[in-house]
Ligand SMILES: NC(=O)c1ccc[n+]([C@@H]2O[C@H](COP(=O)([O-])OP(=O)(O)OC[C@H]3O[C@@H](n4cnc5c(N)ncnc54)[C@H](OP(=O)(O)O)[C@@H]3O)[C@@H](O)[C@H]2O)c1
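Numbering (our numbering), first residue to last: 3 to 267.
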């Protein structure tokens, strides 16, 4: 019997490429979008999901179990990035960022765990980011949400091990997706940050354009699903692979200068 996989945020980018690849490989795949009717058919079943809502999360997971009888793998991918200086970002905007990127994943995990624990098997794949290792200036709350996801997933790894459930973090560097277009800039700009913020946004846009294709992340997720006992962390792309290693060995001031150069700040 083929494994059943649920990929959140499959209307675009990494989630869409992942759900499509897994469906091509014969898995039973459910993808999600907030407006599933407007998403183009991609060879997998599309369900409605807003990860900010408990009701929406429960309805989505119930539909998967009702249609497929079980859920073997959850890919927590839905996310966006709010940009702007930390001081420009309101607490409401910061909370909204966490509601999707962090608590959205937590809601999904809590919804799938009872059935995974009952079966003594399952994989939870959380799409984190290189930004969960090295914070991006002018994306403080996006970076903070990914650092939070890293800590949460590490704790969860220990807690779920006795139940036969694997927790996996996937950490891509820049990926060429429409995430920049889908993402808001903080609504309360301060003139003091204008010049740097504009340079950063241009550099961020170029870095995304030059990023790895989302299919590369999808292939890594497929490898993880096919592994019997996957590890905790998988970095995707050259940048995401070597930068955390460099960070461990060079003085902070040297590393920080490289980060500032990358983001033109
Ligand atoms: N692109 C990169 O450089 C990069 C690098 C590292 C990690 N990542 C991570 O990869 C993940 C996917 O990003 P992407 O680049 O593929 O972005 P994307 O193309 O903009 O796709 C984001 C997906 O998330 C969904 N989404 C957003 N808010 C949602 C909500 N409240 N509830 C449910 N779904 C929601 C969107 O679906 P709808 O709008 O249709 O609902 C969309 O399908 C994110 O977690 C991101 O942080 C991206």
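A virtual CB, placed ideally from N, CA and C, is assigned to each residue, including glycine. Here the structure is a predicted model, which means the values were calculated and not measured.
Check	Outcome
Suppose you measure from the CA of residue 73 to the CA of residue 252; what does that come to, to the nearest Å?	43 angstroms
Am I right that residue 132 and residue 175 are in contact with their C-beta atoms under 8 angstroms? What's the rounded C-beta distance?	5 angstroms
Are there 16 or more other CB atoms within 10 angstroms of the CB of residue 156, so buried, or fewer, so exposed?	exposed
Could you name the residues of the same chain whose beta carbon sits closer than 7 angstroms to that of residue 247, not counting the 5 residues immediately before and after it, in chain order?	none
Provide the residue(s) that pair with residue 174 in DSSP beta bridges, ordered along the chain.	238
Count the other C-beta atoms from every protein chain shown that fall within 10 angstroms of the C-beta of residue 173, then say buried if there are 16 or more, exposed otherwise.	buried
Could you tell me the alpha carbon to alpha carbon distance between residue 64 and residue 228, rounded to whole angstroms?	25 angstroms
Just the C-alpha distance for residue 112 and residue 119, rounded to the nearest angstrom, thanks.	11 angstroms
When you measure from the CB of residue 57 to every non-hydrogen atom of ligand 1, does any distance come out below 7 angstroms?	no
Am I right that residue 50 and residue 36 are in contact with their C-beta atoms under 8 angstroms? What's the rounded C-beta distance?	7 angstroms
Quick check on residue 3: does DSSP put it in helix, strand or coil?	coil
Between residue 12 and residue 45, is the Cβ-Cβ spacing less than 8 angstroms?	no
With respect to 7 angstroms, is the separation between the Cβ of residue 146 and the closest non-hydrogen atom of ligand 1 below this value?	no
When the distance is taken between beta carbons, is residue 99 closer than 8 angstroms to residue 114?	no
Would you kindly report the start and end of the unbroken alpha helix (DSSP H) that includes residue 151?	142-162
Please name the residue, chosen from 89, 160, 152, 125, that lies closest to residue 142 on a Cα-to-Cα basis.	89
Once the 5 residues before and after residue 61 are set aside, which same chain residues still bring their CB inside 7 angstroms of it?	none
Cβ of residue 43 within 7 angstroms of any heavy atom in ligand 1?	no
Rank 7, 41, 38 by C-alpha distance to the C-alpha of residue 25 and give the top, closest one.	7
Check whether chain C comes within 8 angstroms of residue 173, counting only Cβ atoms and requiring the distance to be less than that.	Note that chain C does not occur in the displayed structure, where there is just one protein chain.
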